[in-house]
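Each remark here refers to the structure printed beneath this line.
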Amino acid sequence: MKSVEKQIMEAFAKIRLEFYRKVFTRVRERDGSLSAMEVFSLEVIYALNRPTISQFARFIGISQSNATYKVNSLTRKGYLVRCPSEEDGREYNLELSDKFYSYTNMLEGDLGRMIDKMFSELNKEELAVVAKAVGIIARELDSISEK
Numbered sequence: 012m013k014s015v016e017k018q019i020m021e022a023f024a025k026i027r028l029e030f031y032r033k034v035f036t037r038v039r040e041r042d043g044s045l046s047a048m049e050v051f052s053l054e055v056i057y058a059l060n061r062p063t064i065s066q067f068a069r070f071i072g073i074s075q076s077n078a079t080y081k082v083n084s085l086t087r088k089g090y091l092v093r094c095p096s097e098e099d100g101r102e103y104n105l106e107l108s109d110k111f112y113s114y115t116n117m118l119e120g121d122l123g124r125m126i127d128k129m130f131s132e133l134n135k136e137e138l139a140v141v142a143k144a145v146g147i148i149a150r151e152l153d154s155i156s157e158k
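Going by my numbering, the sequence shown opens with residue 12, and the numbers climb by one from there.
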């Protein structure tokens, strides 16, 4: 029997590989539409939930001007919309457009099916352990991204 640590590492590797496979499949399907790097940028913006350009730049470790260039390109292609910030009218939050959502739903469907399968096969106590483990992983990932 595999160790729990090895099973977790293998599961994360499979999730990453499936994500990358879908990114490159989508890029091929829409020749000239988005590069793989643009898809990754959109996924980061999605995960950051309406970041400003500064937050996006800081998160991926690039200059503000480089981030602005990427954002302008994605806006011109129709995948991003700049919305005035409610907190500071001088800033804009980056929102994904309907074109983005019609273009890609990278892993949500697959993850949803996996979660449904877990709920059908595990009892309440087992699900509580899974929830606790996922909470620990999420908390650790938050602390990594804050560094």
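Beta carbons are placed, not taken as given, at the ideal position from N, Cα and C, and that holds for glycine.
Here the structure is a predicted model, which is why all the values come from computation and not from measurement.
What's the call for residue i, buried or exposed, on a 16-neighbour Cβ count within 10 Å?
i           : result
residue 63  : buried
residue 74  : exposed
residue 53  : buried
residue 104 : buried
residue 81  : buried
residue 133 : exposed
residue 85  : buried
residue 112 : exposed
residue 28  : exposed
Going by DSSP, what residue range makes up the alpha helix (DSSP H) through residue i?
i          : result
residue 59 : 47-59
residue 65 : 64-71
How long is the line joining the alpha carbons of residue i and residue j, rounded to whole angstroms?
i           : j           : result
residue 145 : residue 69  : 26 angstroms
residue 107 : residue 94  : 10 angstroms
residue 123 : residue 57  : 17 angstroms
residue 19  : residue 101 : 44 angstroms
residue 92  : residue 135 : 42 angstroms
residue 42  : residue 110 : At residue 42 the pLDDT is 49, less than 50, meaning the model places this residue with poor confidence; the figure from the coordinates comes in the next sentence. Straight-line Cα distance between these residues: approximately 16 angstroms.
residue 55  : residue 126 : 22 angstroms
residue 128 : residue 148 : 20 angstroms
residue 89  : residue 48  : 16 angstroms
residue 44  : residue 87  : 11 angstroms
residue 166 : residue 98  : The question about residue 166 has no answer here: the residues shown for the chain are numbered 12 through 158.
Can you name, in chain order, every residue of its own chain whose Cβ lies under 7 angstroms from the Cβ of residue i, other than the five neighbours on each side?
i          : result
residue 78 : 64, 67, 68
residue 60 : none
Residues in the same chain with beta-carbon distance under 6 angstroms from residue i, minus the five sequence neighbours each way, listed in chain order, please.
i          : result
residue 50 : 34
Between residue i and chain D, is there a C-beta pair that is closer than 7 angstroms?
i          : result
residue 92 : Here chain D cannot be found, since the structure has a single protein chain.
Identify, in the order they occur along the chain, each residue of the same chain with its Cβ nearer than 8 angstroms to the Cβ of residue i, setting aside the five sequence neighbours on each side.
i           : result
residue 130 : 138
residue 96  : 63, 102, 103, 104
residue 6   : Residue 6 lies beyond the range of the chain shown here (12 to 158); nothing can be said about it.
Which runs of the beta strand (DSSP E) spanning at least 3 residues fall entirely within the segment 86-142, listed in chain order? 91-95, 103-107
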